[in-house]
Amino acid sequence: MEEELKNFMKVWVSAIMSITYCYYFSTRIKAGVIRLVSVLPVCVLFLFLPLFFSSVHFTGFTAFSLTWLATFKLILFSFDKGPLYPLPPNISQFICFTCFPIKHQQKPCFPLIALKSTFPDGTTLGCELELQFNEPYLATSLQDFWGRRWNLMVPAILRPSVYFPVRRITEPKMNSDQARFLGVLTTFIVSGAVHELIFFYYTRERPTGEVTWFFVLHGVCAAGEGALKRTSLVRRWKMNLMVSRLFTVGFVVVTGGWLFFPPLTRSGMFERLSKEVLSSSDFVKHTFSRTFGGFAKIFDLYFL
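Going left to right, the sequence shown walks through residues 230 to 533 as the numbering used here numbers them.
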């Protein structure tokens, strides 16, 4: 565990230095391909940083924060788009907005900011945490589940980076419905590929493609669902909310058990996760007793 903590410090120091480079150097370059070239080395570095860990927790946190969020945000930033545009006023905000699910606060709550020394949270940076989950069990459709209820930072990143560019490129060559279908499907394929990469970080085994097919299946179904909703027949027919919720959540659970979770189960990741929790608890207890045990003995010797 001590070695993992050392690796964690090294990885995140290098990540912060890389993001600092983007803030002070890349921002001086005009938005476009040249700025993208300037941030690409950082994006490539972020692809390799999760490999420095054997810990499931550190791997997952670093992969989500750097390999996914930071990489996509920096690519969008190269074209003056995404959460990093307009440019945050200071380096601390830029680092936080790059790595974490944090957004600019539209109306900063100044009384809360005044209490920042007492309650250090997102308000100390004049920002607020993004809502990550919005009661996904109440989803009435796949579009509702993936777009408005589940892991909301991801669709907020994928819309400007994948969905809108695909629609903009394809709409001159096909009708609006076809372009929309292709945009949704491409977005799910990209999400599947990123999940496949994150699963590789967890398992360190050759990808099977199951998780990619999970998202391809959901992409086809979500896009088809959207096309059906725009037909006159479906517009006139309203399904009962409880029935639609049952179908939606049931479909996610069944397909998840079929395609999403098997790679993790076969690799023994959940067993590793439980063992890691126990070993972390033992490490904390040992560190606490080693640090404060001597003080307790001195206190007993001189005062009791």
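Note that the Cβ used here is the ideal one computed from N, Cα and C, for glycine as well.
On a predicted model such as this, the values are computed, not experimentally measured, just so you know.
The C-beta distance from Cys-328 to Ala-299 rounds to 5 Å, short enough to meet the 8 Å contact threshold. Using a 10 angstroms sphere on the CB of Gly-448, the tally of other CB atoms reaches 16 or more, which defines it as buried. Here the stretch 280–292 lies against the stretch 498–516, with 3 or more beta-carbon pairs under 8 Å apart.
When secondary structure is reduced to three states using DSSP, Ile-418 falls in the helix class. DSSP assignment within the stretch 373–457 yields the following whole alpha helix (DSSP H) runs of 4 residues or more, N-terminal first: 382–387, 393–399, 405–432. When the five nearest sequence neighbours on each side are left out, the beta carbons in the same chain lying within less than 7 Å of the beta carbon of Val-423 are those of Trp-297, in order along the chain. Counting the other Cβ atoms within 10 Å of the Cβ of Tyr-366 gives fewer than 16, which makes it exposed. For the pair Phe-443 and Leu-488, the CB atoms are nearer than the 7 Å cut-off.
Under the three-state reduction of DSSP, Ile-304 is assigned to helix. For the options Met-382, Pro-384, Thr-415, Asn-380, the alpha carbon positioned closest to that of Arg-397 is the one of Thr-415. Residue range 262–277 is occupied by the alpha helix (DSSP H) that includes Phe-277. In this structure the stretch 266–280 lies against the stretch 249–256, because at least three pairs of beta carbons, one per stretch, are closer than 8 Å. The count of Cβ pairs closer than 8 Å, one atom from the stretch 467–479 and one from the stretch 361–377, reaches three, so the stretches are in contact.
Each residue's CA atom was taken as its position, placing Ala-260 and Ser-243 some 24 Å apart.
Taking the CA atoms as reference points, Gly-486 sits about 14 Å from Thr-441. Under the three-state reduction of DSSP output, Glu-232 falls in the helix class.
The DSSP-derived three-state label of Ile-258 is coil. Taking C-alpha positions only, Ser-496 is separated from Thr-432 by approximately 6 Å. In its chain, beyond the 5 residues on either side, Thr-288, Thr-291, Ala-292, Thr-296, Tyr-430 have a beta carbon closer than 7 Å to the beta carbon of Pro-279. Assignment of Lys-310 by DSSP, reduced to helix, strand and coil, places it in the coil class. For the set Phe-393, Phe-277, Ser-420, Thr-477, the Cα lying nearest the Cα of Asn-236 is the one of Phe-277. Nearest to Trp-241 by C-alpha distance, out of Ser-294, Gly-453, Pro-389, Val-478, is Ser-294.
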